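Have a look at the structure below, then the notes.
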Amino acid sequence: MYLVIRCPGCKTFNYVDRYQRWRLCPMCGEVINVQRAPVYLDVDDFLDAERVVEQLESYLHQTGKKDLTEQDIRQLRAQYARWVKNRV
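Counting from 1, position 34 in the sequence shown corresponds to residue 202 in the numbering used here; the numbering is continuous, with no gaps.
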């Protein structure tokens, strides 16, 4: 299981193992305290996490938004749940 989080420094999306405590941001080098970072999604494996990170970065770039709203996050989680359910 992996958590999709966002760097508090440069605002880049990253993913970490759910038991990992710290993450070094590959973009700005900030040490991220995973317990304090906002969690956007909990995914099954790292391939899903990589795809979600790419899609979230693309979505924010296309829409011009600075961050996801609570409604966006709920929709993201619901969409991922539907995708996993249909994949099985």
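Glycine residues also receive a C-beta, built at the ideal position from the N, C-alpha and C atoms.
Just so you know, these numbers come straight off a predicted model, no measurement behind them.
- Where residue 217 falls, given that 16 or more other Cβ within 10 Å makes a residue buried: buried
- Query: Can you give the Cα-Cα distance for residue 234 and residue 204, rounded to whole angstroms?
  - Reply: 19 Å
- Task: Report yes if the C-beta distance between residue 189 and residue 202 is below 9 Å; otherwise report no.
- Result: yes
- CB residue 221 to CB residue 252, shorter than 9 Å? no
- Query: Looking only at DSSP bridge pairs, what is residue 214 linked to?
  - Reply: DSSP lists no partner for residue 214.
- Item | Under the three-state DSSP convention, the category residue 235 falls into | coil
- Query: In terms of residues, what are the limits of the beta strand (DSSP E) holding residue 199?
  - Reply: 199-201
- Starting from the Cα of residue 177, find the closest Cα among 195, 245 and 169 and give me that residue. 195
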